[in-house]
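Engineer: Just so we're aligned, residue 5 is where the sequence shown starts under the numbering used here, counting upward by one.
Ideal Cβ placement from N, Cα and C applies to all residues, glycine included.
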Amino acid sequence: MSMMKRVGLPIMEEMLLSGPGTRMELWNRVEDQVPDLKWETFKRFMSHMRADGMIQTLPCTPEHPHTRIALSEEGKQIVQELLGT
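1. So for Leu41, helix, strand or coil by DSSP?
2. Across the stretch 75 to 88 and the stretch 27 to 37, are there enough close Cβ pairs to call them in contact, namely three or more that are closer than 8 Å?
3. Contact check, Ile73 vs Arg27 under 8 Å by CB: the rounded distance?
4. How is the alpha helix (DSSP H) around Arg10 delimited, first residue to last?
5. Thinking C-alpha only, which one of Ala55, Cys64, Lys9 is nearest Gln37?
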């Protein structure tokens, strides 16, 4: 759980506060919060969170032609509980 709190929570918190984004946008938004986070580890955590149902892939639209990732309802609930909001 330590690694999940150190890496996963900042990723999920960023999505809760700033909304969905592409994988690269999310990476750019969290890399300052977790300076030793490597791209490979980030991708692994994104896959893990998707498999656990904490994040979801949004459909492409004319406004957003690239795949974006957002918190699922379960993911939002978990982050809010962990942050105490």
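Structural biologist: Result, derived from the coordinates:
1. As a working mapping, residue 41 is identified with position 37 in the sequence shown. Looking at Leu41 - three-state DSSP - the assignment turns out to be coil, as it is neither helix nor strand.
2. Output reads no: the stretch 27 to 37 does not touch the stretch 75 to 88.
3. Counting from 1 along the sequence shown, the entry for residue 73 is found at position 69. Counting from 1 along the sequence shown, the entry for residue 27 is found at position 23. Separation of the CB atoms of Ile73 and Arg27 is rounded to 6 Å, and the pair is thereby assigned contact status at 8 Å.
4. Position 6 of the sequence shown holds residue 10. Arg10 -> no alpha helix (DSSP H), and no H or E assigned at all.
5. Residue mapping note: residue 37 aligns to position 33 of the sequence shown, counting from 1. Cα-wise, what sits closest to Gln37 is Lys9.
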